[in-house]
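First the structure, in the form of structure tokens, and then the observations on it.
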Amino acid sequence: MFGVKKHIPQPLPFADTETAQPTAPAPAPVQPRTPPDGYETVIRSDNFKKIRAVVFASMNMSAALMKTRDQVRAGIEEIAADAVAREQLHITPSEQAQIVGEILNDMFGVGPIEPLLADDAVTDILVNGPDQVYAERHGRLELTPLKFRDNAHVTNVAQRIAAAVGRRVDESSPMVDARLADGSRVNVVLPPIALRGASISIRKFSRRNITFARMAQQGNMSPEMVRVLKIAGACRLNIIISGGTGSGKTTLLNALSHHIDEHERVVTIEDAAELQLQQPHVVSLETRPENSEGLGAVTQRDLVRNALRMRPDRIILGETRGPEAFDVLQAMNTGHDGSMTTIHANTPRDAITRLESMVMMANGNLPLTAIRRQIASAVHLILQIERMRDGVRRVTRVTELAGMEGDVIITQDLFAFRYDASAYQEDVKGTFESSSLRPVFATRAAYYGLETALMEALRP
Numbered sequence: 212m213f214g215v216k217k218h219i220p221q222p223l224p225f226a227d228t229e230t231a232q233p234t235a236p237a238p239a240p241v242q243p244r245t246p247p248d249g250y251e252t253v254i255r256s257d258n259f260k261k262i263r264a265v266v267f268a269s270m271n272m273s274a275a276l277m278k279t280r281d282q283v284r285a286g287i288e289e290i291a292a293d294a295v296a297r298e299q300l301h302i303t304p305s306e307q308a309q310i311v312g313e314i315l316n317d318m319f320g321v322g323p324i325e326p327l328l329a330d331d332a333v334t335d336i337l338v339n340g341p342d343q344v345y346a347e348r349h350g351r352l353e354l355t356p357l358k359f360r361d362n363a364h365v366t367n368v369a370q371r372i373a374a375a376v377g378r379r380v381d382e383s384s385p386m387v388d389a390r391l392a393d394g395s396r397v398n399v400v401l402p403p404i405a406l407r408g409a410s411i412s413i414r415k416f417s418r419r420n421i422t423f424a425r426m427a428q429q430g431n432m433s434p435e436m437v438r439v440l441k442i443a444g445a446c447r448l449n450i451i452i453s454g455g456t457g458s459g460k461t462t463l464l465n466a467l468s469h470h471i472d473e474h475e476r477v478v479t480i481e482d483a484a485e486l487q488l489q490q491p492h493v494v495s496l497e498t499r500p501e502n503s504e505g506l507g508a509v510t511q512r513d514l515v516r517n518a519l520r521m522r523p524d525r526i527i528l529g530e531t532r533g534p535e536a537f538d539v540l541q542a543m544n545t546g547h548d549g550s551m552t553t554i555h556a557n558t559p560r561d562a563i564t565r566l567e568s569m570v571m572m573a574n575g576n577l578p579l580t581a582i583r584r585q586i587a588s589a590v591h592l593i594l595q596i597e598r599m600r601d602g603v604r605r606v607t608r609v610t611e612l613a614g615m616e617g618d619v620i621i622t623q624d625l626f627a628f629r630y631d632a633s634a635y636q637e638d639v640k641g642t643f644e645s646s647s648l649r650p651v652f653a654t655r656a657a658y659y660g661l662e663t664a665l666m667e668a669l670r671p
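Below is the structure:
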């Protein structure tokens with residue numbers, strides 16, 4: 212009945228409003244952070260229910276949703292004013308305007324949390340039932356005064372979000388990954404799985420584009436690390452980005468993708484499409500869940516296998532978390548250099564261990580030594596990114612896989628973030644240090660005429 216608001220797609224940034232240096236002022240939000248006084252009383256009042264019912268009964272909703280929000284606003288304001296006068300409702304002009312705004316948010320957006328989507332300082336929106344809405348600003352969660360009318364309202368918003376991208380969420384299928392029109396990632400969990408009411412988790416991104424230069428300026432990495440990663444992209448190294456939930460893996464992947472040559476054919480594979488590459492020759496693939504009969508599912512592994520038949524120069528997998536790891540390693544080992552993916556892990560060594568486990572899920576008969584040799588020959592760099600206690604995302608380690616010694620994968624850190632333990636304050640203090648080691652891929656850099664630039668970047 213209702214449509215999801217059509218945001219203009221924007222490049223995914225690195226949430227730079229969160230990672231700005233203390234001297235840089237944070238951008239002002241475009242919407243007020245707190246709703247008007249009496250917000251909860253108004254949206255859950257009988258007056259709101261009466262006016263809302265009159266508006267929906269009086270309007271041709273199909274025709275209204277074909278118009279813009281501003282075009283419909285005047286009609287809703289007129290209907291609401293007539294309802295107030297006819298029913299002799301005791302309501303102030305500000306409350307009436309607030310009710311009109313909430314009705315418009317329901318029609319064209321995602322209900323009460325629409326102002327948070329418009330706030331550039333917000334990077335995560337977490338709805339825990341109708342009474343709790345949290346938002347993350349500058350790396351820290353805060354409880355907002357926003358509320359839904361009831362649990363049915365939360366469920367209705369969640370179902371509209373899922374339906375907009377051809378997915379469903381209900382009691383028989385209570386979990387779904389979806390996305391908004393602007394590329395923001397959404398996860399929904401409904402009762403009875405969610406015990407305290409429907410849960411909606413939205414990972415949104417600042418609308419500002421992100422580059423390595425901006426990341427260096429903000430302290431997410433050092434200028435020397437930027438130069439090495441640019442060389443790594445030009446040399447078509449296979450790169451894995453490792454980090455925890457909300458650490459900025461996908462956004463760092465977007466920043467890395469800026470240095471892919473525009474003449475290359477890139478195939479992206481994701482559960483919910485959120486990568487926004489700037490190259491002209493990009494094919495974006497998205498998984499599909501099974502239907503109500505349990506049929507028709509298309510997994511990441513299916514898409515990786517199919518991508519190999521699409522003549523890609525690079526394959527970019529949004530996240531590796533299952534049997535598709537085996538096929539990704541096969542692709543990296545069979546001429547698709549420059550491929551990239553992300554993985555959930557706390558350290559580069561943990562990332563290697565997780566890769567081993569996921570490959571064993573796909574091929575349990577493979578010896579562990581054979582799996583490790585595949586990883587060592589396929590993966591060149593692991594970038595470890597972390598959201599630290601001050602809310603700033605930092606690339607804490609740039610680790611190179613240097614081959615095998617016996618049945619052990621040898622790694623070496625090219626860069627590492629060393630924090631100052633004596634300065635345990637609100638802000639994390641530390642420096643990005645170069646190991647000054649000669650990378651194994653220096654020979655590859657020489658092939659591309661970049662060895663001198665690489666060694667200069669690694670010089671302490």
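Position in the sequence shown (from 1) plus 211 gives the number in our numbering. Even glycine gets a Cβ: it sits at the ideal position worked out from N, Cα and C. The structure presented is a predicted model; accordingly, all values stated were derived computationally and were not measured.
I'd like the span of the beta strand (DSSP E) that includes residue i, first residue to last.
i    : result
L352 : 351 to 355
F643 : 641 to 645
E481 : 477 to 481
E325 : E325 -> not in any beta strand (DSSP E); alpha helix (DSSP H) instead, spanning 325 to 329.
P388 : Here the sequence assigns Asp to residue 388, which means Pro is not the residue at that position. Its beta strand (DSSP E) spans residues 386 to 390.
S495 : 493 to 497
L528 : 525 to 528
T334 : 333 to 339
N502 : Taken as a continuous stretch (DSSP letters only), N502 belongs to no beta strand (DSSP E), as it is neither H nor E.
V399 : 396 to 400
Can you tell which of the options has its C-alpha closest to the C-alpha of residue i?
i    : options                : result
G549 : T642, V539, K261       : V539
G457 : V603, M615, S273, V651 : V603
Q541 : V344, A587, A483, G529 : A587
V478 : S495, N465, H591       : S495
I593 : N557, R425, N576       : N557
Q307 : H469, M318, V295       : V295
V493 : N574, D513, A268, I471 : I471
A673 : T552, G408, S395, I411 : Residue 673 cannot be examined here, being either before or after the span of the chain that is shown, 212 to 671.
T303 : V253, M543, L463       : V253
A653 : P491, A613, F643       : A613
V651 : L519, A443, D618, D631 : A443
H555 : D601, M569, G546       : M569
N367 : I563, E662, G320, L337 : G320
R513 : E611, R371, E481       : The sequence given here places Asp at residue 513; Arg does not occur at that position. When only C-alpha atoms are compared, the closest one is E481.
Y658 : R525, Q489, L448       : L448
T610 : L337, V265, F626       : F626
R629 : M599, T622, I621       : M599
R297 : V265, A632, E667, A389 : V265
M426 : L327, A405, A466       : A466
A409 : T422, V365, I372       : V365
R608 : A369, A581, D561, V619 : D561
V387 : E501, I262, L463, D638 : E501
R520 : T545, G533, G507       : T545
S412 : G455, T622, E347       : E347
A424 : R565, A664, V439       : V439
T422 : Q489, T564, L506, K415 : Q489
What span of residues does the alpha helix (DSSP H) with residue i cover, start to end?
i    : result
T663 : 662 to 669
V380 : Note, V380: premise wrong, no alpha helix (DSSP H); not H, not E.
A542 : 535 to 543
R655 : 653 to 658
L519 : No alpha helix (DSSP H) holds L519; DSSP gives it neither H nor E.
N465 : 460 to 468
Can you name the residues that DSSP bridges to residue i?
i    : result
G454 : H555, I596
R629 : T642
E347 : D335, L352
V509 : R499
Exercise for the section: Assess, as a yes-or-no matter, whether the region 428 to 441 is touched by the region 658 to 671 under the definition of 3 or more beta carbon pairs within less than 8 Å. Expected result: yes
Handout entry: Continuous beta strand (DSSP E) assignments of at least 3 residues falling wholly in the region 588 to 626
Key = 592 to 598, 604 to 616
Practice task
Entirely within the region 256 to 319 and at least 4 residues each: give me those alpha helix (DSSP H) ranges in chain order.
Solution key: 257 to 269, 272 to 275, 280 to 298, 304 to 319
Problem - In chain order, each alpha helix (DSSP H) run of at least 4 residues that lies wholly inside the region 411 to 451 - result: 423 to 429, 434 to 445
Practice task
Would you check if there are 3 or more beta carbon pairs closer than 8 Å linking the region 283 to 296 to the region 311 to 318?
Solution key: yes
Practice task
Kindly confirm or deny that the region 395 to 402 and the region 341 to 356 touch, where touching means at least three C-beta pairs closer than 8 Å.
Solution key: no
Handout entry: the region 323 to 332 in contact with the region 266 to 286 per 3-pair CB rule at 8 Å
Key = no
Practice task
Give a yes or no on contact between the region 267 to 280 and the region 374 to 387, applying the rule of three or more CB pairs nearer than 8 Å.
Solution key: no
Exercise for the section: Could you say if the region 573 to 588 and the region 530 to 538 meet the contact criterion of at least three C-beta pairs nearer than 8 Å? Expected result: yes
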